[in-house]
Amino acid sequence: MNTQLTIFQVLIVLLPLFGFLVAILPPKSYKKMYIAEVGIMFITLVLSAVLFFMKIFSLPDETIRSTFTLFTVGGSDGFNFIVDLTMDNMTVALLFMVSLISFLVHFFSLEYMSHEPLKNRYFGYLGLFTFSMLGLLSTGSIIFIYIFWELVGLSSYLLIGFWGFKDEAASACSKAFITNRVGDFGFFLGILMLFITYNSFDLFFIFDQIGAGKFPLGSEMWLTVTGLLLFAGAVGKSAQFPLHVWLPDAMAGPTPVSALIHAATMVAAGVYMIVRLFPLFTETSFLIIGFIGGFSALMAATIALTQIDIKKILAYSTVSQLGLMVLAVGVGAYHAAIIHLLFHAFFKAGLFLGSGAIIHATHSQDINDMGGLRKKMPVTFYTTVIYSLALVGFPLTIGFLSKEMILTSSITLGSLSGNYIYFIFAVLTSTLTSFYIFRYVFLIFFGEPRNHHAYEHAHDFNIFIKLPLIVLAALCFFFIFTFNPITLHGTWLTDLIFRLPKILLPDNVTYSFLTNGAEGSIYSEVYTHTMHASEIVVTIISLLIISGGIGTAWYMYMKKKLVPKVPEGFLGKAYMFSQKAWYINELYDVTVIKGTMLFATLMTIIDKYLVDGIINLGAKITMILGRFSAGFDKYVVDGFVNLVAWINGLISMILRKFQTGKVQTYLTLVMVFIVFFVMYIFSN
Numbered sequence: 000m001n002t003q004l005t006i007f008q009v010l011i012v013l014l015p016l017f018g019f020l021v022a023i024l025p026p027k028s029y030k031k032m033y034i035a036e037v038g039i040m041f042i043t044l045v046l047s048a049v050l051f052f053m054k055i056f057s058l059p060d061e062t063i064r065s066t067f068t069l070f071t072v073g074g075s076d077g078f079n080f081i082v083d084l085t086m087d088n089m090t091v092a093l094l095f096m097v098s099l100i101s102f103l104v105h106f107f108s109l110e111y112m113s114h115e116p117l118k119n120r121y122f123g124y125l126g127l128f129t130f131s132m133l134g135l136l137s138t139g140s141i142i143f144i145y146i147f148w149e150l151v152g153l154s155s156y157l158l159i160g161f162w163g164f165k166d167e168a169a170s171a172c173s174k175a176f177i178t179n180r181v182g183d184f185g186f187f188l189g190i191l192m193l194f195i196t197y198n199s200f201d202l203f204f205i206f207d208q209i210g211a212g213k214f215p216l217g218s219e220m221w222l223t224v225t226g227l228l229l230f231a232g233a234v235g236k237s238a239q240f241p242l243h244v245w246l247p248d249a250m251a252g253p254t255p256v257s258a259l260i261h262a263a264t265m266v267a268a269g270v271y272m273i274v275r276l277f278p279l280f281t282e283t284s285f286l287i288i289g290f291i292g293g294f295s296a297l298m299a300a301t302i303a304l305t306q307i308d309i310k311k312i313l314a315y316s317t318v319s320q321l322g323l324m325v326l327a328v329g330v331g332a333y334h335a336a337i338i339h340l341l342f343h344a345f346f347k348a349g350l351f352l353g354s355g356a357i358i359h360a361t362h363s364q365d366i367n368d369m370g371g372l373r374k375k376m377p378v379t380f381y382t383t384v385i386y387s388l389a390l391v392g393f394p395l396t397i398g399f400l401s402k403e404m405i406l407t408s409s410i411t412l413g414s415l416s417g418n419y420i421y422f423i424f425a426v427l428t429s430t431l432t433s434f435y436i437f438r439y440v441f442l443i444f445f446g447e448p449r450n451h452h453a454y455e456h457a458h459d460f461n462i463f464i465k466l467p468l469i470v471l472a473a474l475c476f477f478f479i480f481t482f483n484p485i486t487l488h489g490t491w492l493t494d495l496i497f498r499l500p501k502i503l504l505p506d507n508v509t510y511s512f513l514t515n516g517a518e519g520s521i522y523s524e525v526y527t528h529t530m531h532a533s534e535i536v537v538t539i540i541s542l543l544i545i546s547g548g549i550g551t552a553w554y555m556y557m558k559k560k561l562v563p564k565v566p567e568g569f570l571g572k573a574y575m576f577s578q579k580a581w582y583i584n585e586l587y588d589v590t591v592i593k594g595t596m597l598f599a600t601l602m603t604i605i606d607k608y609l610v611d612g613i614i615n616l617g618a619k620i621t622m623i624l625g626r627f628s629a630g631f632d633k634y635v636v637d638g639f640v641n642l643v644a645w646i647n648g649l650i651s652m653i654l655r656k657f658q659t660g661k662v663q664t665y666l667t668l669v670m671v672f673i674v675f676f677v678m679y680i681f682s683n
């Protein structure tokens with residue numbers, strides 16, 4: 000059975016890569032290869048569904064691992080670079096979710112991208128992204144998580160910049176790539192810390208070592224530092240403050256891409272990663288993780304309140320919901336984080352696909368150009384309402400179940416520790432979510448048309464658009480996952496899929512869902528009792544939140560029929576603060592970007608006038624020395640040589656006078672020489 004499941008897992012991971020190659024490699028004359036890629040994605044979905052049910056109902060308690068050595072560094076006793084395939088219940092659930100969303104996006108794109116000349120490339124990139132995401136979910140090795148992590152970033156870059164001829168898209172993909180590099184650098188440093196400490200990339204081995212009390216540099220403080228470095232990768236990938244700025248701009252890519260990458264999968268990879276690495280985090284790490292998640296959730300919700308671009312509303316909503324997932328990890332409720340990740344993928348992908356249908360019909364992303372579309376696009380309208388109800392956590396929807404877990408876990412932590420900040424973050428975020436998403440619904444689908452040209456052309460499309468919307472809407476109802484509409488505690492979803500991993504937990508995990516399964520925890524009974532006692536309070540608070548948010552949106556945009564505009568006075572400043580996304584982009588422009596440009600200018604000046612000046616001065620000195628050397632060589636060295644030659648020439652000229660070739664001359668010279676010789680002798 001294990002071998003069969005592993006084969007299924009390998010096929011599920013590799014088939015999208017094969018689809019990418021099928022779509023990309025053939026010549027341009029093969030214009031319909033993308034259809035084969037869609038078919039391959041459907042096969043992947045079927046296999047992932049089969050794997051899900053086989054694993055959950057046949058081997059629910061087993062973690063299946065398959066490893067083989069790729070190569071060895073340092074001889075037979077050196078380091079083995081091991082390829083690792085890991086499969087537990089959480090893995091197969093997320094494999095199925097990613098495969099389903101990916102196939103629905105492929106199917107939706109058949110109509111949405113029907114007029115796109117580069118369909119093969121587009122669908123190929125979707126396949127590459129799906130392969131990267133499935134690979135990330137399928138490994139228990141931190142280095143392979145990092146490899147697939149970077150492939151996810153690469154394929155996201157390609158898809159965001161698919162319409163690279165547009166300046167907006169070209170800028171957005173670069174911004175996404177660079178911003179994620181900041182977080183990924185921290186992630187890489189964290190991996191290095193783990194490898195230096197444990198000489199292994201195997202997460203299960205590392206967890207065992209941590210459980211045995213072996214920490215980086217022998218200190219729990221350095222374990223905290225390592226955990227936060229790893230978390231930095233999630234901050235970038237899951238668009239958390241302060242690295243969230245890339246996600247709204249990434250909406251410049253095709254809308255189906257937003258549904259796949261920026262709602263359901265890529266941005267959720269960061270949450271998945273910190274859940275998978277849960278035992279690495281210390282109490283201090285959890286405090287920081289929870290605060291960043293809560294702050295990001297609330298901040299993004301306040302920004303979504305005033306946006307008029309329908310995709311940016313959903314983008315900031317995504318940042319906000321991801322913040323709630325990160326907050327859940329911070330309070331120890333990794334069950335709640337993963338379940339909200341799973342459920343959020345369905346209704347947020349549906350919202351993005353629905354927005355794509357609206358944009359495709361009206362050729363506008365501005366909610367000021369819309370209104371009254373429920374009559375023209377009934378399928379899109381009803382499904383969008385269902386997604387919105389799930390997003391706000393309306394009873395009988397999956398959003399109610401997952402948000403109830405987050406709120407319950409955060410208020411339980413507050414009850415036991417006195418730290419209610421996370422609960423306050425969650426409540427305020429949920430309240431604002433109820434308002435802004437129904438502002439979105441009311442302004443788009445109700446009232447009178449504000450742009451009659453767009454209204455006249457609006458209509459629901461064919462089955463390629465409708466079917467994904469209907470399937471995702473059906474998945475938003477609670478009975479798909481449980482027959483208990485109130486809570487997920489004790490259901491097959493939590494008992495089978497998200498059960499406690501069989502690892503030794505850090506002692507500092509005190510107040511969390513995990514302590515329910517941690518042997519010897521003195522807080523388990525107290526925590527469980529407090530959690531159950533809080534559920535009724537949370538349910539009441541949730542209903543008040545939903546009623547207040549939706550009611551306020553109805554009063555403002557249905558009864559008063561207000562339209563988005565900047566109010567006067569202090570409210571106007573607050574409105575602009577929200578609409579400008581807290582001026583964080585402007586802050587980065589002034590500090591990071593202009594600071595970088597100023598630094599680059601300073602380096603240019605230093606290079607030009609100092610470095611080049613020194614080099615040029617050296618060159619001039621060399622030239623002067625060269626000229627002096629040339630003069631010395633010419634007039635002294637060569638002068639002396641030439642003088643010797645001239646003297647020799649002069650002597651030779653004089654002596655040559657005596658070399659006439661006549662016997663009389665030679666006889667005369669001999670006689671003269673004899674006379675002088677005789678005179679010399681007699682004179683002495």
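Okay, so the sequence shown: first residue is 0 according to numbering that gives the first Met the number 0, each after it adds one.
A virtual CB, placed ideally from N, CA and C, is assigned to each residue, including glycine.
message: So, with DSSP's three-state summary, where would you put aspartate 308?
response: Looking up residue 308 in the sequence shown gives position 309. Looking at aspartate 308 - three-state DSSP - the assignment turns out to be strand.
- prompt: Could you check where the alpha helix (DSSP H) with asparagine 198 kicks off and where it finishes?
  reply: Position 199 of the sequence shown, counted from the first residue, corresponds to residue 198. Run containing asparagine 198: none; DSSP gives neither H nor E here.
task: Can you tell me which of the three DSSP states asparagine 418 falls into?
output: One-based indexing of the sequence shown puts residue 418 at position 419. In this structure, asparagine 418 counts as coil in the three-state DSSP scheme.
query: Just reading off the alpha helix (DSSP H) that lysine 54 is part of, what are its end residues?
result: Along the sequence shown, read from residue 1 onward, the residue named residue 54 stands at position 55. Its alpha helix (DSSP H) spans residues 32-57.
Residue nearest to isoleucine 177 in terms of C-alpha spacing, selected from Ala258, Glu149, Pro253 and Phe161: For this step, residue 177 is matched to residue 178 along the sequence shown. Nearest option by C-alpha distance: Glu149.
message: For leucine 504 and lysine 213, what's the separation of their Cα atoms in angstroms?
response: Numbered from its first residue, the sequence shown carries residue 504 at position 505. Numbered from its first residue, the sequence shown carries residue 213 at position 214. Unreliable positioning characterises leucine 504 in this predicted model, as indicated by a pLDDT of 35, which lies under 50. The coordinate reading is nonetheless provided below. Distance between the alpha carbons of leucine 504 and lysine 213 is about 13 Å.
- request: Look at the alpha carbon of phenylalanine 161 and the alpha carbon of leucine 125, and state the distance between them as a whole number of angstroms.
  value: By one-based count along the sequence shown, residue 161 stands at place 162. By one-based count along the sequence shown, residue 125 stands at place 126. Each residue's Cα considered, the two are about 11 Å apart.
query: When you compare only the Cα positions, how much space is there between leucine 321 and glycine 292?
result: The residue given as residue 321 occupies position 322 in the sequence shown. The residue given as residue 292 occupies position 293 in the sequence shown. Roughly 7 Å separates the two Cα atoms.
field: Reference valine 21; option with closest CA among Met32, Val669 and Glu219
entry: If you number the sequence shown from 1, residue 21 lands on position 22. When C-alpha distances from valine 21 are compared across Met32, Val669 and Glu219, the shortest belongs to Met32.
query: How far does the alpha helix (DSSP H) with glutamate 282 in it reach, from first residue to last?
result: As a working note, residue 282 is residue 283 in the sequence shown. Element bounds for glutamate 282: 282-303.
message: What residue range does the alpha helix (DSSP H) around glycine 353 cover?
response: Taking the sequence shown and counting its residues from 1, the one referred to as residue 353 is at position 354. From DSSP, the alpha helix (DSSP H) with glycine 353 extends over 333-361.
message: Please list the terminal residues of the continuous alpha helix (DSSP H) segment that includes threonine 382.
response: Taking the first residue of the sequence shown as position 1, residue 382 is located at position 383. Annotation for threonine 382: the continuous alpha helix (DSSP H) segment containing it runs 377-391.
field: Which of helix, strand or coil DSSP assigns to isoleucine 502
entry: On the sequence shown, residue 502 is found 503 positions in, with the first residue counted as 1. Summary for isoleucine 502: the model assigns pLDDT 32, below 50, so the residue's position carries little reliability; its value from the coordinates is reported in the next sentence. Isoleucine 502 falls in the coil class under three-state DSSP.
- request: Using alpha carbons as the reference points, say which of Leu341, Ile273, Met250 and Val270 lies closest to isoleucine 312.
  value: Within the sequence shown, numbered from 1, the residue matching residue 312 stands at position 313. When only C-alpha atoms are compared, the closest one is Met250.
message: Measuring only the C-alpha atoms, how far is serine 433 from valine 440?
response: Position 434 of the sequence shown, counted from the first residue, corresponds to residue 433. Position 441 of the sequence shown, counted from the first residue, corresponds to residue 440. So the alpha carbons of these two residues sit roughly 11 Å apart.
- prompt: When DSSP labels each residue in this structure, what does alanine 517 get in the three-state scheme?
  reply: As a working note, residue 517 is residue 518 in the sequence shown. Here alanine 517 scores only 35 on pLDDT, less than 50, and its place in the model should not be relied on; the value that follows carries that caveat. In this structure, alanine 517 counts as coil in the three-state DSSP scheme.
message: Buried or exposed for tyrosine 421, going by 16 or more other Cβ atoms inside 10 Å?
response: The residue labelled residue 421 in the question sits at position 422 within the sequence shown. Buried.
message: Tell me the DSSP secondary structure of arginine 64 in three-state form.
response: In the sequence shown, counting from the first residue as 1, residue 64 sits at position 65. Three-state result, arginine 64: strand.
Local conformation of threonine 411 per DSSP, three classes: In the sequence shown, the residue the question calls residue 411 occupies position 412. Correct three-state label for threonine 411: helix.
- request: Round the Cβ separation of asparagine 379 and glycine 398 to the nearest angstrom and send it over; I've been treating them as touching at under 8 Å.
  value: Locating residue 379 in the sequence shown gives position 380, where the first residue counts as 1. Locating residue 398 in the sequence shown gives position 399, where the first residue counts as 1. Contrary to the premise, residue 379 reads as threonine rather than asparagine in this sequence. That belief does not hold up - the Cβ atoms of threonine 379 and glycine 398 are roughly 19 Å apart, past 8 Å.
field: Under 7 Å between C-beta atoms of aspartate 248 and alanine 171
entry: As a working note, residue 248 is residue 249 in the sequence shown. As a working note, residue 171 is residue 172 in the sequence shown. Yes, the pair counts as a contact, with Cβ atoms nearer than the cut-off.
query: Excluding the five sequence neighbours on either side, which residues of its own chain have a C-beta within less than 7 Å of the C-beta of leucine 466, listed in chain order?
result: Start at 1 with the first residue of the sequence shown, and residue 466 comes out as number 467. Here the set comprises Phe106.
query: Are the stretch 231-241 and the stretch 178-197 touching, with three or more C-beta to C-beta distances below 8 Å?
result: Flag = yes, the stretch 231-241 and the stretch 178-197 touch.
query: Touching or not, the stretch 101-120 and the stretch 51-68, by the rule of three or more beta carbon pairs under 8 Å?
result: no
field: Reduced DSSP secondary structure (H/G/I, E/B, other) of threonine 509
entry: To locate residue 509, count along the sequence shown from 1; it is residue 510. Confidence at threonine 509 is low in this model, with a pLDDT of 42, below 50, so the placement of that residue should be treated as unreliable; the coordinate-derived value is given next. Assignment of threonine 509 by DSSP, reduced to helix, strand and coil, places it in the coil class.
- request: Put valine 274 into one of helix, strand or coil per three-state DSSP.
  value: For this step, residue 274 is matched to residue 275 along the sequence shown. The answer is helix: DSSP assigns valine 274 an H, G or I state.
query: Per DSSP, which one or two residues make a beta bridge with methionine 86?
result: In the sequence shown, the residue the question calls residue 86 occupies position 87. Looking at the DSSP output, methionine 86 bridges to Ile63.
Euclidean distance between Cα positions of phenylalanine 476 and tyrosine 386: By 1-based counting over the sequence shown, the position of residue 476 is 477. By 1-based counting over the sequence shown, the position of residue 386 is 387. So the two alpha carbons sit approximately 10 Å from each other.
As assigned by DSSP and simplified to three states, the class of phenylalanine 441: Within the sequence shown, numbered from 1, the residue matching residue 441 stands at position 442. Of the three classes helix, strand and coil, the one that applies to phenylalanine 441 here is helix, per DSSP.
task: Could you check the C-alpha separation between phenylalanine 657 and tyrosine 665 for me, to the nearest Å?
output: Mapped onto the sequence shown, residue 657 falls at position 658. Mapped onto the sequence shown, residue 665 falls at position 666. Using only the alpha carbons, I get a separation of about 8 Å.
task: Let me know the secondary structure DSSP gives phenylalanine 240 once reduced to three states.
output: As a first step, residue 240 is located in the sequence shown; it is residue number 241 there, counting from the start. In the structure shown, phenylalanine 240 adopts coil according to DSSP, grouped into three states.
message: I need the straight-line Cα distance from glutamate 282 to isoleucine 423, nearest angstrom please.
response: The sequence position of residue 282 within the sequence shown is 283, counting from 1. The sequence position of residue 423 within the sequence shown is 424, counting from 1. If you take the alpha carbons of glutamate 282 and isoleucine 423, they lie about 20 Å apart.
field: Reduced DSSP category for methionine 396 - H, G, I as helix; E, B as strand; rest coil
entry: The residue given as residue 396 occupies position 397 in the sequence shown. It should be pointed out that residue 396 corresponds to threonine in this sequence rather than to methionine. Three-state DSSP puts threonine 396 in a strand.
field: Where the alpha helix (DSSP H) through histidine 452 begins and ends
entry: Taking the sequence shown and counting its residues from 1, the one referred to as residue 452 is at position 453. Residue range 451-456 is occupied by the alpha helix (DSSP H) that includes histidine 452.
field: Buried/exposed call for tryptophan 645, threshold 16 Cβ in 10 Å
entry: As a working note, residue 645 is residue 646 in the sequence shown. Flag for tryptophan 645 reads exposed.
message: Can you check which of these residues, Arg655, Leu276, Ala168 and Pro15, is closest to leucine 227 by C-alpha distance?
response: Residue mapping note: residue 227 aligns to position 228 of the sequence shown, counting from 1. Considering only alpha carbons, the answer is Leu276.
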